[in-house]
Amino acid sequence: MLSSVLKSKRAILVNIAIMRAFVQMRKFLQSSESLARELRKLEKETKEKFEEHEKHINDIFKVIKQLIIEKQKPKKPIGFITPRKK
């Protein structure tokens with residue numbers, strides 16, 4: 255960088271500004287990596303929870319379907335007289 259070779263006050267100030275910009279960029283990239291890591295972790299946890307909930311919901315639907323099928327089966331009438339089968 256030319257600003258680090260030159261000795262004028264303006265060159266020194268420009269060099270300092272450039273170094274600060276690079277430091278800010280490095281901090282931003284580090285925080286972005288940290289945020290990306292946290293986001294991946296949250297995504298994984300959420301996916302696991304949804305899979306668990308989906309399994310429970312599917313189990314509920316299976317039970318409801320079984321109840322509907324059982325309700326449709328003909329029941330024997332109550333009492334002592336039963337219809338004769340031929």
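In this text, residue positions in the sequence shown follow my numbering: the first is 255, and each later residue adds one. Where is the CB? At the ideal position from N, CA and C, for every residue including glycine.
What residue range does the alpha helix (DSSP H) around K329 cover?
Premise fails: K329 is in no alpha helix (DSSP H) and is neither H nor E.
Would you report the Cα separation of S285 and T300, rounded to the nearest angstrom?
22 Å
Euclidean distance between Cα positions of L321 and A290
46 Å
Cα-Cα separation between V268 and F304, rounded to whole angstroms
52 Å
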